[in-house]
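Number of protein chains: 2
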Amino acid sequence: MIKKYYLLSPGPTPVPETVLAKGALPIIHHRTKEFSDLFMEMTEGMKYVFQTKNDVYTLTSSGTGAMETAVTNLLSKGDKAIVVNGGKFGERWAQICNVYGVEVVEIKIEWGEVLSPSKLEEVLKDNPETKAVFTQLSETSTGVVYDVKGFAEVVSKTDAVLVVDGISGLGATPCPMDEWGVNVLLTGSQKSLMIPPGLAFISFDDKAWKLVETSNLPKYYFDMKKAKKSIGKRTTPYTPAVSLVYQQLEALKIIKEQTIDGIIEHHRILGDATRAAVKAIGLELFAKAPGNILTSVKTPEGIDGKELVNIMQKKYSAYISGAQDPMKGKFFRIAHLGYMGGFDVIIAISALEMVLADLGFNVELGKGVAAAENVLRREWK
Amino acid sequence: MIKKYYLLSPGPTPVPETVLAKGALPIIHHRTKEFSDLFMEMTEGMKYVFQTKNDVYTLTSSGTGAMETAVTNLLSKGDKAIVVNGGKFGERWAQICNVYGVEVVEIKIEWGEVLSPSKLEEVLKDNPETKAVFTQLSETSTGVVYDVKGFAEVVSKTDAVLVVDGISGLGATPCPMDEWGVNVLLTGSQKSLMIPPGLAFISFDDKAWKLVETSNLPKYYFDMKKAKKSIGKRTTPYTPAVSLVYQQLEALKIIKEQTIDGIIEHHRILGDATRAAVKAIGLELFAKAPGNILTSVKTPEGIDGKELVNIMQKKYSAYISGAQDPMKGKFFRIAHLGYMGGFDVIIAISALEMVLADLGFNVELGKGVAAAENVLRREWK
């Protein structure tokens, strides 16, 4: 049988055909006016996505590169930072800080749980010398969306800056940088930005720039002072991924056409449809505050969660994601992120129904799909 | 909302991404050894698809060009031909014959009905001077697949040749040219061959070539004697669509990998899943002998068939086909042809369920999808 490949993971996400085609255009030199014009047009577009008047810097790296950029450009050796750790990517903030000798106050949250702003406020009070608070917008490993607006309110009352990893969340769930007072916001290209992996974006407000000025952690490729000088000359310090810039420009056309609010609403509908379907099948959600990005679903009793993901991928070519260590097998993740539409939800749920039947789970075929259809046909304009 | 475009029509059909990418390769000159090598490799591949030892000629035209090629190269002014007319494309055979002054004996069949070989045998007996019998393998306007094997048996006992339009059928339903004794077989590129529209293929056996030698109907671009000379020199008489040749070569890789029997079985499974779903929804099939290519479904009482297709396309971006004149609105056609997989069936059925609900038809959402899932999960290897 011919099998089509369905990427249903929370990144990389599917890339629109019109965007893929731009990757086949000839590479022009990056130190030319022609490229500068394209690059600055993309930069302006990213400011729209970030909802900010600050500059947005383009890094040729994965999102993790932008996380490291935030740490090494804001802090100095021995500085204290608070890390919100509710999953794999919260953990990553702590790892990066540790590598650079930053003192970490970890707020450990159970996977799937949220953190209240008042709890963060308490920890900040206990650690008045905190320079930065690192958090995710969406914790990709669980699908939880944090109350970043609430975090920003409590952090703004202190000398610390709030650094938000919006890698899977930005463009799918609200995070207007300036309005909410997020000091540093960063994201990656292979999520809601609808292009292949390879670019990351980061923006600093004035409060954050003050920290950048005094930071003494070592950095070279990710040095933001160099980036700031370069952007004044409409360029980047080092060679950017030229074809990814073409692609990002093309994807931004779609985002602008839909508007940022429209794109977020799109994700909200897909999330609602997915969750309605999962519940109709009789499964339980894993995350306490599931967001627009992905739906994590508890593996039902008696089913091998790793086997479930394996059959989804191998037999049905539906590439959902399993849970990461140490929760492997305990739940699985269905993304509804980026260039996915209503029928991607239908495919995911249909594949899930079939896999559950294959594994002997008592599932009524079509029941989950029907629940998703009910949401989609009501909301689909 | 972001809407993806789902081509669910019986041609053009979706093109695999690996095939699309070949269309972006530089155009090399067609009068070079390099191109000849590619062209002859494609020709060999097409012989595999046709299941023939005869040469297969490549035309840069739509399938209709190949139909005209058959008529003008086989017949002479005033010759008599039998046309099996059970739909839009049977009608087309008659129109082409009429334009060229060929005397047509039309066997008119109700749309959706089949023709028994014994009935064809009778008409041949009544018209012993018949030079050619023109038929479809799959009548795309209704989804009916004819008994071409049976037709070939009765035609082989006469001096006439059997000309089979395999445009939508070849590669999706069996039609081994040599084994069945089909004298002329032709097809188009935008169906089961999985490339964009623009190429057509035609093959003649020895009995047919004898007619070509004496045919006096006017032709220039489609002159097969010129094509025969050219293929001896590993080329075409006129400029071929170079990038489509690249793409056809790439698509042939998929066909060879799956094998011709495997591809036909793939289509059979998709057809079974679609029909199971349609019946589960409570709708009726239109064709008496539905094949692997498409499923035509009667518009249920009280529903506007044109509106149904319109909402499928506009609201859900699911491009199924309506019925053609004079049956417009009376039924609609869901294709399962070419580069479509199990989830394309799920999408079509899910969209259909939602449209029926939108139109106030008493449909139990998910019921059709469940029936399709039952077939797919059993048959999906």
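Protein sequence lines correspond, in order, to chains E and D.
Add 152 to the 1-based position in the first sequence for our numbering, that's all there is to it.
Add 152 to the 1-based position in the second sequence for our numbering, that's all there is to it.
The beta carbon of each residue, even a glycine, is placed where N, CA and C say it ideally should be.
Since we're looking at a predicted model, the values are computed, not measured.
Minimum Cβ-Cβ distance from residue i to chain D less than 8 Å
i         : result
GLU525(E) : yes
TYR158(E) : yes
ALA425(E) : no
ILE421(E) : yes
Per-residue DSSP class, three states only, for residue i
i         : result
ALA352(D) : strand
ILE261(E) : coil
THR294(D) : coil
TYR390(E) : coil
ALA379(E) : helix
VAL497(D) : helix
SER448(E) : strand
PHE286(E) : strand
ASP330(D) : helix
VAL275(E) : helix
VAL541(E) : Residue 541(E) lies beyond the residue range present for chain E, which begins at 153 and ends at 533; the question has no answer from this structure.
PHE106(D) : This structure gives no information on residue 106(D), because the portion of chain D shown stretches from 153 to 533.
THR325(D) : strand
TYR158(E) : strand
ILE347(E) : coil
TYR200(E) : helix
SER308(E) : helix
VAL507(D) : helix
LEU233(E) : A small correction: the amino acid at residue 233(E) is Ala; Leu does not occupy that position in the sequence shown. Correct three-state label for ALA233(E): strand.
VAL266(D) : coil
LEU460(E) : helix
ALA441(E) : coil
Beta carbon proximity, residue i to chain E, threshold 8 Å
i         : result
MET153(D) : yes
LYS533(D) : yes
VAL167(D) : no
VAL521(D) : yes
ALA393(D) : no
LEU528(D) : yes
ALA304(D) : no
Residue i to residue j span [Cα, whole Å]
i         : j         : result
CYS249(E) : GLY518(E) : 47 Å
LYS533(E) : SER161(D) : 23 Å
GLU193(D) : LEU226(D) : 27 Å
GLY323(E) : MET329(E) : 12 Å
VAL313(D) : PRO168(D) : 36 Å
GLY264(E) : PHE484(E) : 12 Å
THR210(E) : GLU402(E) : 16 Å
VAL521(E) : THR447(D) : 22 Å
GLY253(E) : LYS271(E) : 25 Å
GLY414(E) : PRO389(D) : 54 Å
ASP496(E) : HIS488(E) : 8 Å
VAL515(D) : VAL285(D) : 44 Å
LYS405(E) : PHE202(D) : 44 Å
ALA379(D) : ALA222(D) : 13 Å
TYR373(D) : TYR471(D) : 34 Å
ALA425(E) : GLU365(E) : 46 Å
ASN237(E) : ILE154(D) : 33 Å
PHE187(E) : GLY197(E) : 15 Å
Supposed close pair residue i, residue j - CB separation, criterion 8 Å
i         : j         : result
LEU369(E) : SER355(E) : Wrong, their Cβ atoms sit about 19 Å apart, outside the cutoff.
GLY474(D) : LYS450(D) : Between LYS450(D) and GLY474(D) the Cβ distance is about 13 Å, and since that is not below 8 Å, they are no contact.
SER341(E) : GLN288(E) : About 17 Å separates the two Cβ atoms, so there is no contact after all.
Cutoff 8 Å: residue i Cβ touching any chain C Cβ
i         : result
ILE463(E) : No chain C is part of this structure, whose protein chains are labelled E and D.
Which of the residues in the stretch 487-519 of chain E, read from start to end, lie with their CB under 7 Å from any CB of chain D? TYR491, GLY493, PHE495, ILE498, ILE499, SER502, GLU505, MET506, ALA509, ASP510, LEU517, GLY518 and LYS519
In chain order, what residues of the stretch 240-263 of chain E put their CB closer than 8 Å to some CB of chain D? none
Using a Cβ-Cβ cut-off of less than 9 Å, give me the residues of the stretch 408-419 of chain E that come near chain D, in sequence order. GLN410, GLY414, ILE415, GLU417 and HIS418
Interfacial residues, the stretch 453-475 of chain D to chain E, with Cβ spacing under 9 Å: LYS467, TYR468, SER469 and ALA470
Short of 7 Å Cβ to Cβ, which residues in the stretch 324-356 of chain D face chain E? none
By the 7 Å beta-carbon criterion, what residues does the stretch 161-188 of chain E contribute toward chain D? ALA176
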